[in-house]
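Sequence positions in the sequence shown follow the working numbering and run 72 to 493.
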Amino acid sequence: MITAALVSLLALLPARPLTLTEATELAVGGSPLMDRARVAEERARLLVLRANLERIHASIDVSLTGLYAKDLLTLDTGGVLGLANLEGGVSAPLFSGFRVEADIARAEHLQQAALLDVEVERRQVALAVARTYWGVRRLALLEQARATSDERLAESERLVQARVAAGLAAGLDVNRAAGRRAQLDVERATLASEVREARVQLQMTLGLDDEVELVDAPPAADLALDGVEALVQRAVDLRPELQAARRRRQALDEERRAAESAYWPQAGSNVLVQAGNNPSVPGVGNRAVGSFGLGLIAGVDVSMNLFDTWSTTHAVEDVAHRRREADADARQQLLEVERAVRVAHARVASLQEQRAALVRARAIVEDNTGMLERAYQRGEVLLTELLDVQVELADAERRIVDVDSQMALARIELERAAGGKP
């Protein structure tokens, strides 16, 4: 009983208002793809740390060993030996043919690319939310337009009832008005089913269980539209996808430099300290198992590869091939970005023109509606003419609402294509 009462009480609570910004933050916070992008960025940060640790390597190892030894020829009594070893070593490259520096630079470029990938994914999620949000918002605005048509028809129904009661109109006019009412009821039911489906999709996208009311209004229709060339240039400068691709191409340059380091001589230094009772401690030589020794080794080594069956050459060429592939991908990506900006710009401009034409048409139909209403009151026109012009007016209002919703989403898509935040 208490649970049922609580459910009933919650159902009576007003829906929570929700802006597009709030919806985007909800989706970004719960997106598995965003979590995956953040994990990739953390891994890239670890790669930078590992690359920096190539400058010096230190290790400390300890081992304990128990052995049973017996001479099977002399049949002497065997014994148990305990061996212990503790060693610490430090090694550092003195000259690596610039490999260490290249590895560090490559890791840093990849980390920056991973950071940009997080922003790319956030923008993708935001754009998907915007499309879902305005899909629902469009239907809500259409409901408001339909409610206006209901009020207009209700006024006509009252006028028809008054004229029929006064004997100034035939009873058929009542049926005609009822037929128009039935059409509006069908439209209402169809729109309600679309709203339910769209709201479920929005709730799944945002991870919400409660009802929300979308409150963002369409942008003003007369907002200035920047030139397409300026928007294309802004997209080239700001799109994170292009910046990430640029970073990855730079990482390939550093990878090639690291591969070319094998052409250079390599020099390194190392220090090893070892203590234990194992039979062979470096620097001391073979000794009795029970003895304890402490050894120190320090040195410098220089090496250079003279011939490796062209392995280094092939490695360098492979990186060069991948760099050319990345350049081709970058050119294709640039074309896609430019295409997206130009298409989005053309769509917004087209919607602005459509809206201006629809507003002019609605003004004419509104004048016709007013004149026919007054003419019907005087008995000069049939009700069908009045109902027809009301249908035209309702259609014009719905089309304007639809264009406004499309324009709101089109502007978001244009902003996203041009490198701004959607």
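Backbone N, C-alpha and C define an ideal beta-carbon position, used for all residues, glycine too.
All of these numbers come straight from a predicted model, not from anything done at the bench.
Between the stretch 464-480 and the stretch 216-224 there are three or more inter-stretch CB-CB distances shorter than 8 angstroms, so the stretches are counted as touching. The straight-line gap separating the alpha-carbon atoms of GLN337 and VAL171 is approximately 11 angstroms. Counted as a single uninterrupted DSSP element, the stretch harbouring ALA369 is not any alpha helix (DSSP H) but the beta strand (DSSP E) occupying residues 364-374. Shown here, ARG318 sits in a helix according to DSSP, grouped into three states. The continuous alpha helix (DSSP H) containing ARG247 extends over residues 243-277.
Less than 8 angstroms divides the Cβ of ARG469 from the Cβ of ALA216. For THR136, no alpha helix (DSSP H) run applies; the uninterrupted beta strand (DSSP E) run containing it begins and ends at 128-140, by DSSP. Between the stretch 184-192 and the stretch 107-127, the count of Cβ pairs shorter than 8 angstroms is three or higher; the stretches touch. By the neighbour-count definition (other C-beta atoms within 10 Å, threshold 16), ARG482 is a buried residue.
VAL200 sits away from THR261, with the two beta carbons spaced by 8 angstroms or more. Of the candidates THR440, ASP280, PHE169, PHE169 places its Cα closest to the Cα of TYR334. With respect to the C-alpha of ARG395, the residue from GLU331, GLN321, THR440, SER332 having the closest C-alpha is GLN321.
Only residues of its own chain outside the window of five on either side were considered, and among them GLU192, VAL196 have a CB closer than 8 angstroms to the CB of SER102, listed in chain order.
Taken through DSSP and simplified to helix, strand or coil, ASN156 comes out as strand.
Pairwise C-beta distances place the stretch 85-100 in contact with the stretch 278-289, as three or more of them are shorter than 8 angstroms. Here LEU273 has THR203, VAL207 as same chain residues with Cβ atoms under 6 angstroms from its own Cβ, once five neighbours each way along the sequence are excluded. When the alpha-carbon of ARG327 is set against those of ARG393, ASN376, LEU443, the nearest one is in ARG393. Nearest to ARG410 by C-alpha distance, out of ASP372, ALA306, ARG87, is ALA306. For LEU186 against ARG487, the beta-carbon gap comes to about 19 angstroms, at or over 8 angstroms, which does not count as contact.
Separation of ASP379 and GLU300 (C-alpha to C-alpha, rounded to the nearest whole angstrom) is 52 angstroms. Of the residues ARG114, LEU343, GLN182, LEU405, the one whose Cα lies closest to the Cα of GLY366 is LEU343. Sixteen is the threshold: since fewer than 16 other Cβ atoms of the shown chains lie within 10 Å of the Cβ of ALA427, the residue is exposed.
In this structure, LEU296 places its C-beta atom within 8 angstroms of the C-beta atom of VAL419. Sixteen is the threshold: when 16 or more other Cβ atoms of the shown chains lie within 10 Å of the Cβ of ILE471, as they do, the residue is buried.
By the neighbour-count criterion, in which a residue is buried when 16 or more other Cβ atoms sit within 10 angstroms of its Cβ, ALA115 is buried. Partner residues in the beta bridge of PHE166, as assigned by DSSP, are ALA338. Of the residues VAL373, GLU331, SER134, the one whose Cα lies closest to the Cα of GLY153 is SER134. The straight-line gap separating the alpha-carbon atoms of SER340 and GLN304 is approximately 51 angstroms. Non-local beta-carbon contacts of ARG252 in its own chain, meaning distances under 8 angstroms to residues more than five positions away in sequence, involve LEU224, GLU228 in chain order.
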